[in-house]
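Peer 1: Letter by letter, the sequence shown follows residues 0 to 387 of numbering that gives the first Met the number 0.
Glycine residues also receive a C-beta, built at the ideal position from the N, C-alpha and C atoms.
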Amino acid sequence: MPRNHMELDQIDTLSVLSEDGSIDKSQLPKLSKEELLKSYRFLVLTRRTDEQALRYQRQGRIGTFAPSTGQEASQIGSAMAISKEDWFIPSFRELGVALCRGMSIRDYFLFIMGFEEANQGLKGTNNMPVSVPVGSQCAFTPGIAWGIKLDKKKAAAVVYFGDGATSEGDFHEGLNFCGALNLPAVYLCQNNQWAISTPRSQQTAAKSIAQKAIAYGVCGIQVDGNDFFAVYKATKEALDRAKKGEGPTLIECVTYRLSVHTTADDPTVYRAKEEEEAWQKKDPIERLRKYLEKEKLWDSSHQEKLEEDIKAEIKKGYEEAEQFRNSIPDPLKFFDHQYETIPPYLAWQKSMAKEKIQGRNVIKGATEGYKGPGGAAAVGELEEAGDE
Ligand SMILES: Cc1ncc(C[n+]2csc(CCOP(=O)(O)OP(=O)(O)O)c2C)c(N)n1
Ligand SMILES: [Mg+2]
């Protein structure tokens, strides 16, 4: 058998809007003035919410969270292309997409405060809850996409994940499954150059993340993730293909996490100031603003008014969240969200927590028939171990 060269698909790259706000008109997606201004508002709203959340977190008012700062174009650019019927499957860093999909500022703060009630807003939507285990959402995406296909719905499943998630088996299994079954799915990687302190260069020896699509026989494209138009266009095209039955796409948005990984992180110990400064110059919000100004759609008075409105919206959202927090007297509700019927081990934990909080004895009967994890230990022993 002769030695031949195997032809593999090529990976496209796409950028439309450059750093100075100039544009490649041939690639400019169709968006109305209203859609453009709405998108810009979401970009700024996401940034300011992050900034304010960071202050609240430092003041001890809310818990830990993962900022989207620097990644707004990847998030809003894609979210504006996704319809209500499509499924939004997030990781833990998609504030911008969630806001575009109707999440309120109140619910965002409540979620960071640790209230599952904030997820009530997901009812009746095609929005999935946050997935913290890295990459896990990539593994159940085929299930949603397959359901859409079997139901013959005109929709697609859009899953978000980071560069670090592409080193997890879940990403590969999920994308392979979607490719093999030709499912309507879009795998959207926000390559923000870091997975906590692991740089992109140590994540994979591959030249790009987008090229991993080739191995699974699906479309792949690498876009400038700080370019609102490029992300919008690539997502729209991927969704159109998915809905026509032409299969999944892997989109790599090349962007940068300008802020901390989470509020529990200090990036100054592992990355260079010069690198951060270089990416500051590529700020996705400034870039779109420059374009809007060039097109005479925006000026400083518009910006001033927008900043005022957004400040008030964030303050109101936070106050509503705080009001809710103060009105919930029963922290034990924490146990009631995971299952329709609470399983014995959780009933046991709930009774332990109740005892701690209220200084009472463990509820008799709540743990009846339950022998603890693995079924080995007696309930009495577990009650002691629970204090550790
Ligand atoms: C399975 C798993 N391993 C480790 C962690 C701890 N962890 C949280 S975020 C993160 C890095 C994720 O990096 P990336 O996928 O690039 O997403 P980014 O945080 O940059 O948005 C890690 C290791 C986790 N949540 N889940
Ligand atoms: Mg990352």
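On a CA-only basis, which of 42, 256, 99 is nearest residue 397? Give me that one, please.
Peer 2: Here the chain covers residues 0 to 387 and nothing more, so residue 397 does not appear.
Peer 1: Please report how far the alpha carbon of residue 361 lies from the alpha carbon of residue 345, in whole angstroms.
Peer 2: The sequence position of residue 361 within the sequence shown is 362, counting from 1. The sequence position of residue 345 within the sequence shown is 346, counting from 1. Per-residue confidence for residue 361 stands at a pLDDT of 47, beneath the threshold of 50, marking its modelled position as unreliable; the derived number appears in the next sentence. Going from the Cα of residue 361 to the Cα of residue 345 covers about 13 angstroms.
Peer 1: Kindly indicate the opening and closing residues of the alpha helix (DSSP H) around residue 140.
Peer 2: On the sequence shown, position 141 is the one that residue 140 refers to. Run containing residue 140: 135 to 149, per the alpha helix (DSSP H) assignment.
Peer 1: Helix, strand or coil: which one does DSSP assign to residue 220?
Peer 2: If you number the sequence shown from 1, residue 220 lands on position 221. It is a strand residue.
Peer 1: How far does the alpha helix (DSSP H) with residue 313 in it reach, from first residue to last?
Peer 2: In the sequence shown, residue 313 corresponds to position 314, counting from 1. Counting along the chain, the alpha helix (DSSP H) containing residue 313 begins and ends at 299 to 326.
Peer 1: Have a look at 263, 101, 201 and flag the residue whose alpha-carbon is nearest the alpha-carbon of residue 53.
Peer 2: Counted from its first residue, the sequence shown places residue 53 at position 54. Residue 263 is the option with its Cα nearest to residue 53.
Peer 1: For residue 269, count neighbouring Cβ atoms within 10 angstroms of its own Cβ and tell me buried if that reaches 16, exposed if not.
Peer 2: For the purposes of this step, residue 269 is identified with residue 270 of the sequence shown, where counting begins at 1. Under this definition residue 269 is an exposed residue.
Peer 1: Note down, in chain order, each residue of its chain lying with its Cβ closer than 6 angstroms to the Cβ of residue 364, except the 5 sequence neighbours on either side.
Peer 2: Within the sequence shown, numbered from 1, the residue matching residue 364 stands at position 365. With a pLDDT of only 49 at residue 364, under 50, the local geometry of the prediction cannot be trusted, and no value is derived from it.
Peer 1: Taking all protein chains shown into account, decide if residue 32 is buried (16 or more other Cβ within 10 angstroms of its Cβ) or exposed.
Peer 2: Here residue 32 corresponds to residue number 33 of the sequence shown, with the count starting at 1. With fewer than 16 Cβ atoms within 10 Å of its Cβ, residue 32 is classed as exposed.
Peer 1: Around the Cβ of residue 24, are there at least 16 other Cβ atoms within 10 angstroms (buried) or fewer (exposed)?
Peer 2: Translated into the one-based positions of the sequence shown, residue 24 becomes position 25. That one is exposed.
Peer 1: With distances taken between CB atoms, is the gap from residue 111 to residue 185 smaller than 8 angstroms?
Peer 2: Stepping through the sequence shown from its first residue, residue 111 is reached at position 112. Stepping through the sequence shown from its first residue, residue 185 is reached at position 186. Against a cut-off of 8 angstroms, the Cβ pair of residue 185 and residue 111 comes out as no contact.
Peer 1: Just how far apart, CA to CA, sit residue 383 and residue 46?
Peer 2: As a working mapping, residue 383 is identified with position 384 in the sequence shown. As a working mapping, residue 46 is identified with position 47 in the sequence shown. Only weak support is given to the placement of residue 383: the predicted model assigns it a pLDDT of 37, under 50, and the value that follows is read from those uncertain coordinates. Distance between the alpha carbons of residue 383 and residue 46 is about 46 angstroms.
Peer 1: Out of 154, 142, 232, point me to the one whose CA is closest to residue 12's CA.
Peer 2: As a first step, residue 12 is located in the sequence shown; it is residue number 13 there, counting from the start. Considering only alpha carbons, the answer is 232.
Peer 1: Excluding sequence positions up to five away, which residues of its chain have a Cβ less than 8 angstroms from the Cβ of residue 1?
Peer 2: For the purposes of this step, residue 1 is taken as the residue at position 2 of the sequence shown. For residue 1, there are no CB contacts under 8 angstroms within the same chain when 5 residues up- and downstream are skipped.
Peer 1: Within 7 angstroms: the Cβ of residue 193 and any heavy atom of ligand 2?
Peer 2: The sequence position of residue 193 within the sequence shown is 194, counting from 1. It does: the Cβ of residue 193 is within 7 angstroms (strictly closer) of some heavy atom of ligand 2.
Peer 1: Which of the three DSSP states, helix, strand or coil, is assigned to residue 168?
Peer 2: On the sequence shown, position 169 is the one that residue 168 refers to. Helix, per DSSP.
Peer 1: Residue 43 and residue 284 - do their beta-carbons sit closer together than 8 angstroms?
Peer 2: Position 285 of the sequence shown holds residue 284. Position 44 of the sequence shown holds residue 43. Yes, they are a contact pair.
Peer 1: For residue 169, is the beta carbon positioned less than 7 angstroms from some heavy atom of ligand 2?
Peer 2: In the sequence shown, counting from the first residue as 1, residue 169 sits at position 170. Answer for residue 169: no, Cβ out of range of ligand 2.
Peer 1: Is residue 19 buried or exposed, if buried means 16 or more other CB atoms sit within 10 Å of its CB?
Peer 2: Reading the sequence shown from its first residue, position 20 is the one you call residue 19. Exposed is the call here.
Peer 1: Cα-Cα, which of 29, 37, 9 is closest to residue 301?
Peer 2: Looking up residue 301 in the sequence shown gives position 302. Per the Cα distances, 37.
Peer 1: With DSSP as the reference, please indicate the residues paired to residue 284 in a beta bridge.
Peer 2: In the sequence shown, the residue the question calls residue 284 occupies position 285. Paired residue(s): none; residue 284 is not in a bridge.
Peer 1: How far does the beta strand (DSSP E) with residue 186 in it reach, from first residue to last?
Peer 2: Locating residue 186 in the sequence shown gives position 187, where the first residue counts as 1. 184 to 190 is the span of the beta strand (DSSP E), which, as asked, contains residue 186.
Peer 1: Going by other Cβ atoms of all chains shown within 10 Å of its Cβ, with 16 needed for buried, is residue 128 buried or exposed?
Peer 2: In the sequence shown, counting from the first residue as 1, residue 128 sits at position 129. Residue 128 is classed as exposed because its beta carbon has fewer than 16 other beta carbons within 10 Å across all chains shown.
Peer 1: Inspect the CB distances between the region 72 to 80 and the region 323 to 334 and report whether three or more fall short of 8 angstroms.
Peer 2: no
Peer 1: Could you tell me the distance, in whole angstroms, from the CA atom of residue 222 to the CA atom of residue 197?
Peer 2: By one-based count along the sequence shown, residue 222 stands at place 223. By one-based count along the sequence shown, residue 197 stands at place 198. Approximately 22 angstroms, taken between the alpha carbons.
Peer 1: Please name the residue or residues paired with residue 198 in a DSSP beta bridge.
Peer 2: Numbered from its first residue, the sequence shown carries residue 198 at position 199. Paired residue(s): 193.
Peer 1: Is the number of C-beta pairs between the region 157 to 169 and the region 109 to 126 that are closer than 8 angstroms three or more?
Peer 2: no
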